[in-house]
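Presented below is the structure to which this report refers.
2 protein chains.
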Amino acid sequence: MTDGANTWQAVQAEVLRRIRSGQWAPGGAIPHEADLAQELGCARTTVNRALREVAEMGLIERRRRAGSRVAMRPVRRATLDIPVLRDEIEARGAAYAFTLQKREMALPPVSVQARLALGADRALLHVVGLHLADGHPYALEDRWIDPEAVPQVQDADFTTLSPNEWLVLTIPFEGGDIAFSAHAATQGEAAALRCPEGAALFVVERVTWRGEARLTCVRLTFAPGHRLVTVI
Amino acid sequence: MTDGANTWQAVQAEVLRRIRSGQWAPGGAIPHEADLAQELGCARTTVNRALREVAEMGLIERRRRAGSRVAMRPVRRATLDIPVLRDEIEARGAAYAFTLQKREMALPPVSVQARLALGADRALLHVVGLHLADGHPYALEDRWIDPEAVPQVQDADFTTLSPNEWLVLTIPFEGGDIAFSAHAATQGEAAALRCPEGAALFVVERVTWRGEARLTCVRLTFAPGHRLVTVI
DNA sequence: AAGTGGTCTAGACCACTCC
DNA sequence: GAGTGGTCTAGACCACTTA
């Protein structure tokens with residue numbers, strides 16, 4: 135039994151079935167790759183391919199010499215797609231626009247200094263602008279860019295191309311971290327997003343770095359009602 | 135040149151370097167696997183392994199017969215770990231506790247009916263409880279469970295083990311979707327979380343299904359200041 | 001119809017860990 | 001030191017898609 139087609143998907147499905155059914159209990163060891171390969175009638179490479187993804191899902195833990203075990207505390211792992219705001223808005227069938235509100239060199243506040251790990255005396259480029267969907271405020275972008283780390287930014291004109299979009303095109307695919315939170319609208323945010331002061335707003339904060347260098351940090355404050363959705 | 139060690143990581147690093155440097159421009163085609171393998175001095179399998187992950191990152195698009203191209207609009211893809219609340223709280227070094235506030239069969243509101251795709255006349259199990267960290271309110275859990283889809287729930291006693299935790303142990307690793315948003319505290323939420331009415335709260339809503347059957351939906355409302363963080 | 005990526009195999013060696 | 005997962009190889013066939 136159990137020898138479904140010898141594809142790695144079939145092996146993976148069988149592995150998931152055994153975990154779900156409790157046949158392989160949380161915290162328990164599972165057979166070695168070689169044994170599984172023989173049992174399921176496929177090459178060890180195929181078993182390896184199947185188990186690798188299960189491990190990436192967080193369902194099993196693998197260690198050399200020690201073998202693989204079902205995770206004691208399985209973690210749900212969701213993948214979030216974070217598109218450029220223009221794409222996100224146009225995907226909803228709305229017309230996109232961006233209005234620049236500020237573009238100046240300035241000393242960042244302490245919170246930004248900390249997030250970028252910079253000294254207190256470094257002036258950064260501060261850009262603030264509003265993303266609009268069909269003319270309605272969609273998100274407020276408040277960004278700090280280190281011109282030493284991103285020298286091209288001196289020539290960037292953000293009046294039509296938002297920094298959000300410009301950066302994706304200019305410095306693609308660097309590392310970073312993201313934080314999601316809720317935040318009561320300040321007076322300025324309320325004015326920009328045309329919502330009551332104190333309204334509950336969804337906030338995305340991101341720091342982008344290349345190697346050790348922090349390039350930019352941004353705070354996106356979305357208009358009320360925004361939802362970030364994904365499928366597990 | 136370029137022939138770093140013939141590991142898939144080296145191949146992938148080289149591929150990423152070429153994308154970043156613009157040598158392979160967005161929207162442009164990249165060499166075929168076989169050509170790359172020859173150029174970099176490794177087996178095609180190794181190139182395939184490297185490119186597969188780059189495709190999963192969303193940086194390139196691969197199609198049979200058509201070859202691979204650098205994505206025109208690279209999407210940032212973040213993976214979020216969504217632990218059980220007990221683990222999340224204990225990982226912060228705080229003492230975890232759960233208090234059950236409600237457990238009753240009831241007709242769900244329209245919004246829940248819609249999310250679970252159920253008729254208006256189906257009574258569901260409604261469970262409300264508070265997760266505490268060192269005695270302070272951490273998150274309010276408001277959950278609806280379909281007893282027909284999860285019959286074991288009839289025997290579950292949620293006074294000490296939260297439904298959050300019970301469900302992970304009982305029906306592990308099913309599919310679902312998640313939504314994140316911000317929400318102004320209602321009177322009841324404010325009382326439970328000990329915050330001002332109208333405070334900006336971070337909300338996670340989740341629907342869990344198995345195959346076609348919707349099992350449960352939950353709304354987790356976090357105390358003010360909560361942040362969900364991840365690394366890209 | 002043909003070319004590309006997707007996958008499987010059998011064998012091999014290596015890196016890491018635990019005993 | 002020995003056993004496990006991690007990876008590479010060379011070759012092969014298949015599935016899909018586009019020309």
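Chains as they are written, first to last, in the numbering used here: chain A, 135 to 366; chain S, 135 to 366.
Quick reminder that beta carbons are idealized off the backbone N, C-alpha and C, glycines included.
query                                                                                                                                                                       : result
Rounded to whole angstroms, what's the CA-CA distance from A:V341 to A:A200? Just pull it up for me.                                                                        : 37 Å
In the DSSP assignment, find the unbroken beta strand (DSSP E) run with A:A334 in it and report its ends.                                                                   : 334 to 344
Grouping DSSP H, G and I as helix and E and B as strand, with all else coil, what is S:A257?                                                                                : coil
Tell me which same chain residues have a C-beta within less than 7 Å of the C-beta of A:V145, skipping the five on either side of it?                                       : L174, C176, T180, V181, A184
Check distances from the C-beta atoms of the stretch 150 to 182 of chain S to those of chain A and list, in chain order, the residues that come in under 8 Å.               : L150, I153, R154, P160
Please give me, in chain order, every unbroken run of the alpha helix (DSSP H) with length at least 4 that falls completely inside the stretch 242 to 323 of chain A.       : 244 to 250, 297 to 304
Is the Cβ-Cβ distance between A:P217 and A:V261 less than 8 Å?                                                                                                              : no
Cα-Cα, which of A:G269, A:P208, A:L327 is closest to A:P160?                                                                                                                : A:P208
Could you tell me which chain S residues have their CB closer than 7 Å to the CB of A:A231, listed as they occur along the chain?                                           : Under the 7 Å cutoff, chain S gives no residues; its nearest Cβ is about 18 Å from A:A231.
Considering only the beta carbon of each residue, do S:T364 and S:A212 sit closer than 8 Å?                                                                                 : yes
Please go through the stretch 135 to 203 of chain A and give each complete alpha helix (DSSP H) segment of 4 or more residues, from N-terminal end onward.                  : 142 to 155, 167 to 174, 178 to 191
For S:C351, count neighbouring C-beta atoms within 10 Å of its own C-beta (all shown protein chains included) and say buried if the count is 16 or more, exposed if not.    : buried
Just by C-beta distance, which residues in the stretch 284 to 297 of chain A are closer than 7 Å to chain S?                                                                : none
For S:L234 versus S:T293, is the C-beta spacing smaller than 8 Å?                                                                                                           : yes
Let's see if you can read the secondary structure: which residues bound the beta strand (DSSP E) around A:I216?                                                             : 210 to 216
Answer with yes or no whether the minimum CB distance from S:I216 to chain A is below 8 Å.                                                                                  : yes
Mind checking which residues open and close the alpha helix (DSSP H) that includes S:E331?                                                                                  : Premise fails: S:E331 is in no alpha helix (DSSP H) and is neither H nor E.
Quick one, which of A:L241, A:V188, A:T320, A:V337 has its alpha-carbon nearest A:E331's?                                                                                   : A:T320
Below 8 Å between beta carbons is the criterion; list the residues of the stretch 203 to 215 of chain S that meet it against any residue of chain A, in chain order.        : R207, P208, V209, R210, R211, A212, T213, L214, D215
Checking 8 Å against the spacing of the C-beta atoms, do S:L274 and S:A326 come in under that value?                                                                        : yes
Which two residues bound the contiguous beta strand (DSSP E) that contains S:A225?                                                                                          : No beta strand (DSSP E) holds S:A225; the alpha helix (DSSP H) holding it covers 219 to 225.
Which residue wins for smallest C-alpha separation from A:G253, given the options A:L241, A:R152, A:H317?                                                                   : A:L241
Anything in the stretch 188 to 200 of chain A with a Cβ closer than 7 Å to a Cβ of chain S? List those residues in chain order, please.                                     : L193
For S:T364, would you say it is in contact with chain A, using Cβ-to-Cβ distances shorter than 8 Å as the test?                                                             : yes
Can you look up A:A357 in the DSSP assignment and give me helix, strand or coil?                                                                                            : coil
If S:G310 sits next to A:I366, beta carbons under 8 Å apart, how far is it from one beta carbon to the other, in whole angstroms?                                           : 5 Å
Between the beta-carbon of A:R348 and the beta-carbon of A:A257, is there less than 8 Å?                                                                                    : no
By DSSP, does S:A231 sit in helix, in strand, or in coil?                                                                                                                   : strand
Can you find a CB in chain S that lies within less than 8 Å of the CB of A:I223?                                                                                            : no
Give a yes or no on whether 8 Å exceeds the smallest Cβ distance from A:C351 to chain S.                                                                                    : no
Just mark A:H265 as buried or exposed, buried being the case when its beta carbon has 16 or more other beta carbons within 10 Å.                                            : buried
Going by CA-CA distance only, name the one from A:E308, A:F314, A:T355 that's closest to A:G322.                                                                            : A:T355
Drop a sphere of 10 angstroms on the beta-carbon of S:R155, count the other beta-carbons inside from all chains shown, and report buried for 16 or more, exposed for fewer. : Note on residue identity: the sequence assigns Ser, not Arg, to residue 155 of chain S. Answer is exposed; the Cβ neighbour count stays below 16.
My guess is that A:S315 and S:R196 are in contact by the Cβ rule of under 8 Å, so how many angstroms apart are they, rounded?                                               : About 36 Å; that fails the 8 Å criterion.
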